[in-house]
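Asker: My questions will all concern the structure given below.
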Amino acid sequence: MVCENRAMAAKKSTAKKSTWVTKKGLAQMLKGGVIMDVVTPAEAKIAEEAGAVAVMALERVPSDIRRDGGVARMSDPDMIKGIQAAVSIPVMAKARIGHIAEARILEALDVDYIDESEVLTPADDRNHINKHDFRVPFVCGCKDLGEALRRINEGAAMMRTKGEAGTGNIVEAVRHIRTVSEQIAALRGKGEKHLRNVAKEARVPYELVRVVAKAGRLPVVNFVAGGIATPADAALSMMLGADGVFVGSGIFKSKNPAKTAAAIVQATTHWANPQILAEVSAGLGEAMRGIEMRTIPEAERLSKRGW
Amino acid sequence: MAARSASSAKPVIGVLAVQGDFREHLDTLETIGATGREVRLPADLHGLSGLILPGGESTAMRKLLHRWNLVAPIRDLAARGAPILGTCAGAIILANRIADGDEPVLSLLDVEVRRNAFGRQLESFEADLQMRGLRSDGGALTMHAVFIRAPEILSVGAKAETVATLDDGRVVAARQGNVLGISFHPEIAGEVRVHRWLVNQARRTRIAPAR
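So the protein lines, in turn, are chains A and B. So the first sequence is numbered by the working numbering: it starts at 95 and just counts up by one. So the second sequence is numbered by the working numbering: it starts at 41 and just counts up by one.
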């Protein structure tokens, strides 16, 4: 009987890959977790050991990119492969905004997610990548609802609010997640005419705005990124409605990366439990050195990249 | 308030909420009119009639389960008869054996699993399959299943039985009494019948008092 079923089924395989459900599904599995920037296989192992749900493989963490200046590009494929070989958790990698070729290379490397990232120097000042054209899923940054909807409309299967990467300063991240949440809340109970205007202003289909208004949330997972440096920063992000957090420079620029990484993981799970937050925040040593926002000229703000 | 036995009261189903797609499981429970509760600490397990271990990253879940001493009380809940469902990472957490060297976590399901057995994200897929073990008459249910960096059940031991395979014969679900481990995600496929099985099972079972 079973054999018969198998033989029948074998004639017509139903398997489908790289569907919208599988693309956004991986992000759903990462929720409540921490995605950590790593620059070497050794760091990737520390991240995995600490309980990271994924790592972002890149050549320099954002704070070093900020310090070094120049053009920041996709990482060397050998470096990405080294990290893929070192860990069993998903490995993400960054492509420049609009850089279709870098994205194709990362897809060929079998990365689990591509971050079309403002942390790298944009390659196209008019077009983001048409992410529907790819089999690999994408995560993109946003500062507000309109930007999130444009990226989702282009095929992003996961969002992250941008914050200001490489600063160790949470203030921009808070601004961005609050903005997205407030703008979604403002859609509640609004009629078709209002929603059509929102769609027109955001330059996205009405249907997408309608779906967000009805659900009261984005149709894809939304993490917070950019400036998270402590367990409390991660907990704050979760309190403001994040599905999870990206931590860039905050871990490997801290005094004690392994301990800081583990503490941020704990804080992301137990964000609503102040006793546990107090426990895991203790004795971590110095966090990364932060940067006050007003010392960063507008032109050097990474979150201004993309539109 | 009169004391009521777990079997007659409306069962409360816990969903492990240390990491992963626990919200989707809670939403699925709500869809079928069941009551769910997030579980992050041992105290959250008190009074539960069933438990779901969601999809997520098993390495992260493993750390959080050990760190907050959840392993022993979950094993105890299972031993007292409460139905336990593990999806994807949850199935890995349930397994007695994990290929390639990882230590087992709960050891409640007599199977050997391999993490990411189908490959990385580009190999994630959707497929239709037949699932047995849920209907009381032993019949199979046709199910649309979503596999995300999914584990495979490499072998099924004497105490467990295979309840679903793919077209090519690879095992993707196994059951051992009140414990069900599946490689795929009904909670993101709009599939409610697995959760309904769990809730019915919880309703039917008289959970022994906690030790």
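Note that beta-carbon positions come from the ideal geometry of N, C-alpha and C, so glycine has one too. What you are looking at is a predicted structure, and each value in this text was computed from that prediction instead of being measured.
Here's a check: name, in chain order, each residue in its chain whose Cβ is nearer than 8 Å to the Cβ of K105(A), leaving out the five neighbours to either side.
Answerer: For the purposes of this step, residue 105(A) is taken as the residue at position 11 of the first sequence. Caution is warranted here: a pLDDT of 46 is assigned to K105(A), below 50, making its placement in the model unreliable, and no coordinate value can be reported.
Asker: Suppose the cutoff is 6 Å on Cβ atoms and the five residues either side in sequence are ignored; what does the same chain contact list for K117(A) look like?
Answerer: On the first sequence, position 23 is the one that residue 117(A) refers to. Within the same chain, K117(A) has close Cβ partners P231 and A251.
Asker: If you drop the 5 nearest sequence neighbours on each side, which residues of the same chain put their C-beta closer than 7 Å to that of V145(B)?
Answerer: Here residue 145(B) refers to the residue found at position 105 of the second sequence. Closer than 7 Å at the Cβ level, and outside the excluded window around V145(B), lie R102, L105, V111 and I133.
Asker: Which residue wins for smallest C-alpha separation from R311(A), given the options I246(A), G400(A) and H193(A)?
Answerer: Mapped onto the first sequence, residue 311(A) falls at position 217. The residue with the shortest Cα to Cα distance from R311(A) is I246(A).
Asker: For Q59(B), which residues of its own chain have a beta-carbon under 8 Å away from its beta-carbon, when the five flanking residues on both sides are left out?
Answerer: Your numbering for residue 59(B) matches position 19 in the second sequence. Excluding sequence neighbours, Q59(B) sits near G96, E97, A100, M101 and L104.
Asker: Have a look at T363(A), P216(A) and A355(A) and flag the residue whose alpha-carbon is nearest the alpha-carbon of E137(A).
Answerer: Mapped onto the first sequence, residue 137(A) falls at position 43. Residue A355(A) is the option with its Cα nearest to E137(A).
Asker: For a test of the three-state rule: what should DSSP assign to E143(B), helix, strand or coil?
Answerer: Locating residue 143(B) in the second sequence gives position 103, counting from the first residue. Looking at E143(B) - three-state DSSP - the assignment turns out to be coil, as it is neither helix nor strand.
Asker: Starting from Y207(A), follow its DSSP beta bridges and name the residues at the other end.
Answerer: Stepping through the first sequence from its first residue, residue 207(A) is reached at position 113. The partner list for Y207(A) (beta bridge, DSSP) reads M186(A).
Asker: From L239(A) to G178(B), what does the alpha carbon distance come to, in whole angstroms?
Answerer: Residue mapping note: residue 239(A) aligns to position 145 of the first sequence, counting from 1. Residue mapping note: residue 178(B) aligns to position 138 of the second sequence, counting from 1. Cα to Cα, L239(A) sits roughly 49 Å from G178(B).
Asker: I want to know whether the region 276-288 of chain A touches the region 300-310 of chain A - three or more CB-CB distances under 8 Å.
Answerer: Segments in contact, yes.
Asker: Looking at chain B, is there any beta carbon in it that lies within less than 7 Å of the beta carbon of G310(A)?
Answerer: The count along the first sequence starts at 1 and reaches residue 310(A) at position 216. It does not: the Cβ of G310(A) has no partner Cβ on chain B nearer than 7 Å.
Asker: For H86(B), does the count of other Cβ atoms within 10 angstroms reach 16, so buried, or fall short, so exposed?
Answerer: To locate residue 86(B), count along the second sequence from 1; it is residue 46. With fewer than 16 other Cβ atoms within 10 Å, it is exposed.
Asker: Going by CA-CA distance only, name the one from L174(B), E166(B), P94(B) and E152(B) that's closest to V196(B).
Answerer: By 1-based counting over the second sequence, the position of residue 196(B) is 156. When each option's Cα is compared against that of V196(B), the closest is E152(B).
Asker: Apart from the five residues just before and just after K125(A), which ones in its own chain have a Cβ nearer than 8 Å to its Cβ?
Answerer: Here residue 125(A) refers to the residue found at position 31 of the first sequence. Only V315, D337 and G338 meet the Cβ criterion.
Asker: So with CB distances below 9 Å, who are the chain A contacts of H106(B)?
Answerer: Your numbering for residue 106(B) matches position 66 in the second sequence. In chain order: nothing, as chain A lies at least about 10 Å away.
Asker: Which of the three DSSP states, helix, strand or coil, is assigned to L194(B)?
Answerer: Indexing the second sequence from 1 puts residue 194(B) at position 154. In the structure shown, L194(B) sits in a strand (DSSP, three-state: E or B).
Asker: Among the residues of its own chain, which have a CB less than 7 Å from the CB of F228(A), if the five just before and after it don't count?
Answerer: Taking the first sequence and counting its residues from 1, one reaches residue 228(A) at position 134. Result list for F228(A): A197 and E201, in chain order.
Asker: Is I199(A) close to chain B, meaning its C-beta is less than 7 Å from at least one C-beta of that chain?
Answerer: Working through the first sequence from its first residue, we reach residue 199(A) at position 105. Judged by the 7 Å Cβ criterion, I199(A) is not in contact with chain B.
Asker: Looking at A229(B): is its Cβ nearer than 7 Å to the Cβ of H184(B)?
Answerer: Within the second sequence, the letter at position 189 stands for residue 229(B). Within the second sequence, the letter at position 144 stands for residue 184(B). Yes. Within cutoff.
Asker: Bridge partners for H184(B) per DSSP, in chain order?
Answerer: Here residue 184(B) corresponds to residue number 144 of the second sequence, with the count starting at 1. In the DSSP output, where bridge partners are listed per residue, H184(B) has D168(B).
Asker: Below 6 Å CB to CB, which residues in the same chain sit around I208(A) once its five sequence neighbours on both sides are set aside?
Answerer: Against the first sequence, residue 208(A) aligns to sequence position 114. For I208(A), where only same-chain residues beyond five positions count, the Cβ hits under 6 Å are A189, A197, L200, V230 and F232.
Asker: In or out: R161(A) buried (at least 16 other Cβ within 10 Å) or exposed?
Answerer: If you number the first sequence from 1, residue 161(A) lands on position 67. Label assigned to R161(A): exposed.
Asker: When the Cα atoms are used, what is the spatial distance from R244(A) to Y300(A)?
Answerer: Numbered from its first residue, the first sequence carries residue 244(A) at position 150. Numbered from its first residue, the first sequence carries residue 300(A) at position 206. One C-alpha to the other measures close to 12 Å.
Asker: Starting from the C-beta of E201(B), find all residues in its chain whose C-beta is less than 8 Å away, skip the five residues before and the five after it, and write them out in chain order.
Answerer: For this step, residue 201(B) is matched to residue 161 along the second sequence. Only G173, A214, R215 and Q216 meet the Cβ criterion.
Asker: Chain D beta carbons: is any one of them nearer than 7 Å to that of G96(B)?
Answerer: This model lacks chain D altogether, as its protein chains are A and B.
Asker: Flag Q178(A) as yes when its Cβ comes closer than 6 Å to any non-hydrogen atom of the ligand FMN, and as no otherwise.
Answerer: The model on display carries no ligand, and the ligand FMN is accordingly not part of it.
Asker: Measuring alpha carbon to alpha carbon, tell me which of I271(A), A195(A), E212(A) and R388(A) ends up nearest P156(A).
Answerer: Here residue 156(A) refers to the residue found at position 62 of the first sequence. Closest option to P156(A), Cα to Cα, is E212(A).
Asker: Does the Cβ of R244(B) have 16 or more other Cβ atoms within 10 Å, making it buried, or fewer, making it exposed?
Answerer: Position 204 of the second sequence, counted from the start, is the residue given in the question as residue 244(B). It counts as exposed.
Asker: By the criterion of Cβ-Cβ separation under 7 Å, what are the contact partners of V186(B) in chain A?
Answerer: Position 146 of the second sequence holds residue 186(B). V115, T116 and G119, listed in chain order.
Asker: Given that G127(A) touches chain B, what residues does it touch there, using C-beta distances under 8 Å?
Answerer: Stepping through the first sequence from its first residue, residue 127(A) is reached at position 33. Here the neighbours are Q59, G60, G96, E97 and A100.
Asker: Could one say the Cβ of Q216(B) lies closer than 7 Å to chain A's Cβ atoms, at least one of them?
Answerer: Taking the second sequence and counting its residues from 1, one reaches residue 216(B) at position 176. Answer no: the Cβ-Cβ gap between Q216(B) and chain A never drops below 7 Å.
Asker: Keeping to the same chain, check which residues put their C-beta closer than 6 Å to that of L66(B); ignore five residues upstream and five downstream.
Answerer: Working through the second sequence from its first residue, we reach residue 66(B) at position 26. Contacts found: V55 and G76.
Asker: Applying the criterion that 16 or more other CB atoms from any shown protein chain within 10 Å of the CB defines a buried residue, is V219(B) buried or exposed?
Answerer: Start at 1 with the first residue of the second sequence, and residue 219(B) comes out as number 179. It is buried - the Cβ of V219(B) has at least 16 other Cβ atoms within 10 Å.
Asker: Comparing the C-beta of M123(A) with each C-beta of chain B, is any distance below 7 Å?
Answerer: Sequence index remark: in the first sequence, residue 123(A) carries index 29 (1-based). It does; some Cβ of chain B falls within 7 Å.
Asker: Report all residues from its chain with a CB closer than 6 Å to the CB of A319(A); omit the five preceding and five following residues, and keep chain order.
Answerer: As a first step, residue 319(A) is located in the first sequence; it is residue number 225 there, counting from the start. Result list for A319(A): R254, G257 and F340, in chain order.
Asker: I want to see whether chain A comes within less than 7 Å of L162(B), judged by CB atoms only; does it?
Answerer: Counted from its first residue, the second sequence places residue 162(B) at position 122. True, the Cβ-Cβ gap to chain A drops below 7 Å.
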